[in-house]
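Trainee: Note that the sequence shown covers residues 799 to 993 in our numbering. Glycine is no exception: its CB is placed at the ideal position from the N, C-alpha and C atoms. Remember, predicted model here, so these are calculated numbers, not experimental data.
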Amino acid sequence: MGVWICIVEGDGDKKAVPTLLRRLMHEKFQQWTVEFRPYNAHGRGNLTAPGGIERLVTRAVRERGCEAILVVLDAEDDCPKERAKELAQRIRGVNPRVPVAVVIAHRCYEAWLLGGKDWTREPETVSPGAAKKEISGKLGRPYRETTDQEKLTAEISLDQAETRCRSFRRLVHAVEELIQATQSGSSQPVITPDP
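1. What is the rounded straight-line gap between the Cα of E807 and the Cα of A899?
2. Could you check which residue in C963, I867, L854 has the C-alpha nearest to that of P816?
3. Under the DSSP definition of a beta bridge, which residues are partnered with E784?
4. Which residues share a DSSP beta bridge with N838?
5. What residue does the beta strand (DSSP E) around D946 start on, and which one ends it?
6. Among E865, A952, D875, L845, whose alpha-carbon lies nearest the alpha-carbon of W910?
7. If you run the structure through DSSP and keep just helix, strand and coil, what is T918?
8. When you compare the CB positions of P988 and P897, do they come within less than 8 Å of one another, or not?
9. Can you tell me whether A903 is helix, strand or coil according to DSSP?
10. Taking the Cβ atom as the reference point for each residue, do L912 and A929 lie within a distance shorter than 8 Å?
11. Roughly how many angstroms lie between the CA atoms of E865 and R942, to the nearest whole one?
12. Let's test the definition: count the other Cβ atoms within 10 Å of the Cβ of S925 and tell me whether it reaches 16, buried, or not, exposed.
13. Pairs of beta-carbons, one from the region 827-842 and one from the region 969-979, closer than 8 Å: are there three or more?
14. Extract the residue ranges of the beta strand (DSSP E) inside the region 847-903, only unbroken runs of 3 or more that lie entirely within it.
15. Only counting the same chain, and skipping five residues up and downstream in sequence, which positions put a Cβ closer than 7 Å to that of Q958?
16. Does the Cβ of E825 have 16 or more other Cβ atoms within 10 Å, making it buried, or fewer, making it exposed?
17. Can you grab the Cα-Cα spacing for the pair G810 / G983, in whole Å?
18. Between which two residues does the alpha helix (DSSP H) carrying K930 extend?
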């Protein structure tokens, strides 16, 4: 069984992202032989700060059985495409021996939850604070990332999230790229997105 390291920004993501990836692998790609191990960066700033993503990728590559790395974080107010390209370029500088994909959730991970539950028309236009408030309203109680994010991830419609969220489509494409890269056996690792 191959290991994919999921580098994420927080405690809720540490549980939710592996759940989401398992669902994608099983439901969309009929892949059953990957173990997902999360690395919690303990904050977005620890990924975006100079040396942050480089340190985490270098550590992940050393993990026994690591065959791919997926970095997932929130855009907040950044342009997802530009932030992903910047992080991918920094990752190229550490020359990892495995394929790596960077995916930036437009605004926040919760936008994917809103899109996958069909709780708002344009989930990626909602600010992170408003997204969490909207989820709280739907739950009828305060939303807690550490307990609710994984549960909601298990419940969302992947097809709806993919249809409604461009950054979720990027996630699906990134998973597909990593599957292809790990199956090709190429000695030259793929790092996406391209510059």
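Mentor: On the basis of the coordinates in this document:
1. Computed Cα separation, rounded: 15 Å.
2. I867
3. Given a span of 799 to 993 for the chain in the structure shown, any question on residue 784 remains unanswerable.
4. V806
5. Where D946 is concerned, there is no enclosing beta strand (DSSP E), although the alpha helix (DSSP H) it sits in stretches over 943-953.
6. A952
7. coil
8. The sequence given here places Val at residue 988; Pro does not occur at that position. Yes, they are a contact pair.
9. strand
10. yes
11. Per the coordinates, the alpha-carbon of E865 lies some 32 Å from the alpha-carbon of R942.
12. exposed
13. Segments in contact, yes.
14. 864-872, 898-903
15. Same-chain partners within the cutoff: G913, G914, D916.
16. exposed
17. For G810 and G983, the distance between alpha carbons rounds to 33 Å.
18. Run containing K930: 926-937, per the alpha helix (DSSP H) assignment.
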